[in-house]
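**Q** Residue numbers (this note's numbering): 153 to 772. Okay, handing you the structure first.
Structure below.
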């Protein structure tokens, strides 16, 4: 998962004092972490303090956390400068952490110079409990963002800090409570409140008696974005973050993603050109009232199929008839593997027993996919992805799965666990459809030639394009009522190149660079520096030359080869969601098999010293 191997290698330097861009002063660093800020929402808010920091340094609204978008992995990546494959944190329980081998930047600073005064002030306690608490001279955990401000102002006024980390949590809390969206006033208000705290901290910083003689770098960023009421998936709304590096020694620049291509709107092979029914992750749903036709009891075999188009994979309810607060609850649900996919799953339970099976990863690519599951009540449930068998699980111990609340598309029966994306073509059959039938019909419109036509109990095409009803072609008693879901015409897709923008792991490396820490290549840091600190290895270079490499076959299916590959080049492969999925060390061959299953546009970045080229490969 190493993004910048060559650049990390070149980050080996000697401490040359504190001469930075002609300014002499003692290097110090302040890191402002504002939890759960979507960059587009930041730009929609009134934020004079953050605007001033943007204007005074390097700013990117297109930075990425293209790893795991939960707070535990996110703050670990930011503060340690490595991805989850190194620091070991994959969720918010911190089980598997590997801070001994990949410590925080604060521990590295203290190891370099124990005389530094280091501080961490956090609203979210786990940061101090697990990441920074033992690495700093003073760890303060508080219960509000205002208290973070108060503690920071006190230290800046009365102390002698060399490195400080501040964590503000209330933006994320409002996102979970009201929605991560620019149209949500509570969320925008929380961003503006955080900006006010930042302004007061910066005032205290600049009023320090020796401020003019102190070479402060202020780094400001966030751990993840959000979609609907949640985060943890791989959508761009969750992965997009902002990055600011501000200070007297920082040259001003704005780092933006590049537009690569405009692709046609995704095509639903069953209903090409039809309007889509979109769910925004906030409880939007289609409710089918309880009916005898939906009752499955303890013995009724059935098969359920649904087509979805999404880029988000958190723990949601795509379609089902249960309270998804626990898998033991009676009913069934199509979801994603807890906590953030990427595989889809099916759960079935009766209140005492449950069974779970995971489908195939790689469906959250913005394209349409068919998810099918057959339920043999005294045998197996079998999952199929786009007509191909994925997995199976014994469900013979599961009894009555009727709840009496009807079926819901896009949320559970409580209106929670909201799905984000489009849903169409829900098919409900009595009996177990054969694998051959599922494969042959997963992308074909239903008609009377289907071998199980007489067993079809419900068919919701969801292609009406208007109104508040999702019709059922087989049974007028099974009409669905829209509860917030909306109709949208399919839109073309813009593909972006994020290769020239920061990553969350760059925060730690940028701070260490500014503080003149000698970074050993054996540390295997994944980040790079975006300031002219003690190293000149920033990526915003204008002297890069064209690498004349090409790749084939393009489009392809399983692999590609690169022609004209420089002998010492490094190759990074990013999947359609922007996640780094493959890295090739110098001397690698020109044939590559991406470590991902997603269809769509892959970006292949080739780096040869200071030269760089990004190629595109379409995986069919």
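Note that CB positions come from ideal geometry on N, CA and C, so glycine has one too.
Do you know offhand how far residue 242's Cα is from residue 477's?
**A** Whole-angstrom Cα-Cα distance: 21 Å.
**Q** Give, in chain order, every unbroken run of the beta strand (DSSP E) that is at least 3 residues long and sits entirely within the segment 403-471.
**A** You should have 410-415, 428-432, 437-440 and 454-461.
**Q** Rounded to whole angstroms, what's the CA-CA distance from residue 599 to residue 605? Just pull it up for me.
**A** Taking the straight line from one Cα to the other gives about 7 Å.
**Q** On the criterion of 16 or more Cβ atoms from any shown chain inside 10 Å, does residue 620 qualify as buried, or is it exposed?
**A** By the neighbour-count rule (16 or more Cβ atoms within 10 Å), residue 620 is not buried but exposed.
**Q** Of the residues 391, 660 and 253, which one's Cα is nearest the Cα of residue 377?
**A** Comparing Cα positions, the closest option is 391.
**Q** By DSSP, does residue 777 sit in helix, in strand, or in coil?
**A** Since the first residue of the chain shown is 153 and the last is 772, residue 777 is not available in this structure.
**Q** Starting from residue 475, follow the beta strand (DSSP E) in both directions and report where the run begins and ends.
**A** Careful: residue 475 lies outside any beta strand (DSSP E) and carries neither H nor E.
**Q** Given residue 339, which residues of its chain have a CB within under 8 Å of its CB, disregarding the five upstream and five downstream residues?
**A** Once the five neighbours on either side are set aside, the close Cβ partners of residue 339 are 193, 323, 326, 327, 330, 331, 332 and 333.
**Q** What span of residues does the beta strand (DSSP E) with residue 213 cover, start to end?
**A** Segment 209-216, the beta strand (DSSP E) holding residue 213.
**Q** Give me whichever residues DSSP pairs with residue 582 in a beta bridge.
**A** Beta-bridge pairing links residue 582 to 454.
**Q** Leaving out five residues before and five after residue 445 in sequence, what residues of the same chain have Cβ atoms less than 8 Å from its Cβ?
**A** Contacts found: 609, 610, 627, 629 and 630.
**Q** On a Cα-Cα basis, can you pick out the residue from 235, 199, 684 and 240 that is closest to residue 349?
**A** Of the listed residues, the one whose Cα sits closest to residue 349 is 199.
**Q** So, do the segment 450-464 and the segment 526-540 have three or more beta carbon pairs nearer to each other than 8 Å?
**A** Segments in contact, yes.
**Q** Grab the span of the beta strand (DSSP E) containing residue 653 for me, first residue to last.
**A** Taken as a continuous stretch (DSSP letters only), residue 653 belongs to no beta strand (DSSP E), as it is neither H nor E.
**Q** For residue 204, tell me which candidate among 381, 351, 615 and 593 has the shortest Cα-Cα distance.
**A** The shortest C-alpha separation from residue 204 is found at 351.
**Q** Would you check if the distance between the CB atom of residue 439 and the CB atom of residue 221 is smaller than 8 Å?
**A** Not in contact: residue 439 and residue 221 (Cβ atoms no closer than 8 Å).
**Q** Looking only at C-alpha atoms, which of 471, 317 and 772 sits nearest to residue 126?
**A** With the chain running from 153 to 772 in the structure shown, residue 126 is simply not present.
**Q** Curious, which full-length beta strand (DSSP E) runs of at least 3 residues does the segment 597-666 contain?
**A** Those beta strand (DSSP E) runs which fall completely within the segment 597-666 and span 3+ residues are 608-612, 632-635, 638-640 and 645-649.
**Q** Have a look at 521, 570, 497 and 517 and flag the residue whose alpha-carbon is nearest the alpha-carbon of residue 545.
**A** Ranking the options by Cα distance to residue 545, first place goes to 497.
**Q** So, helix, strand or coil for residue 324, using DSSP?
**A** DSSP places residue 324 in helix when its eight states are reduced to three.
**Q** Grouping DSSP H, G and I as helix and E and B as strand, with all else coil, what is residue 565?
**A** Of the three classes helix, strand and coil, the one that applies to residue 565 here is coil, per DSSP.
**Q** Please specify which runs of the beta strand (DSSP E), each continuous and at least 3 residues long, are wholly inside the segment 248-298, giving them in chain order.
**A** Here the runs fully enclosed are 270-274 and 290-293.
**Q** I need the straight-line Cα distance from residue 432 to residue 490, nearest angstrom please.
**A** If I take the Cα positions, the gap works out to 19 Å.
**Q** Considering only residues of the same chain and omitting the five flanking positions on each side of residue 211, which have a CB-CB separation below 6 Å?
**A** Result list for residue 211: 396 and 406, in chain order.
**Q** Please confirm whether residue 468 and residue 570 have their CB atoms less than 8 Å apart.
**A** Against a cut-off of 8 Å, the Cβ pair of residue 570 and residue 468 comes out as a contact.
**Q** Between the Cα of residue 412 and the Cα atoms of 646, 517 and 707, which residue gives the shortest distance?
**A** Comparing Cα positions, the closest option is 646.
**Q** Taking Cβ to Cβ, would you say residue 655 is nearer than 8 Å to residue 218?
**A** Yes, these two residues count as a Cβ contact at 8 Å.
**Q** Hey, which unbroken runs of the beta strand (DSSP E) at 3 residues or more fall wholly within the segment 479-513?
**A** Listed in chain order, the complete beta strand (DSSP E) runs (minimum 3 residues) inside the segment 479-513 are 483-488, 496-501 and 506-510.
**Q** Indicate the three-state DSSP secondary structure (helix, strand or coil) for residue 525 in the structure shown.
**A** Strand, per DSSP.
**Q** What are the boundary residues of the alpha helix (DSSP H) that includes residue 339?
**A** Unbroken alpha helix (DSSP H) run through residue 339: 337-358.
**Q** Between which residues of its own chain and residue 285 is the CB-CB distance below 6 Å, once the five residues before and five after are set aside?
**A** Cβ within range, chain order: 291.
**Q** Tell me the DSSP secondary structure of residue 690 in three-state form.
**A** Confidence at residue 690 is low in this model, with a pLDDT of 43, below 50, so its placement is unreliable and the value that follows should be read with caution. Residue state, collapsed to three classes: coil.
**Q** List the whole-angstrom C-beta distance separating residue 318 from residue 185, where the pair is believed to meet the contact cut-off of C-beta under 8 Å.
**A** Sure, about 7 Å apart at Cβ, within 8 Å.
**Q** Rounding to the nearest angstrom, what Cα-Cα distance links residue 697 and residue 567 in this structure?
**A** With a pLDDT of 40 at residue 697, under the threshold of 50, the modelled position of this residue cannot be trusted; read the value that follows with caution. Cα-Cα distance, rounded: 54 Å.
**Q** Rounded to the nearest angstrom, what separates residue 466 and residue 253 at their Cα positions?
**A** Looking at the two C-alpha atoms, the distance is approximately 30 Å.
**Q** In three-state terms, what does DSSP make of residue 701?
**A** Coil, per DSSP.
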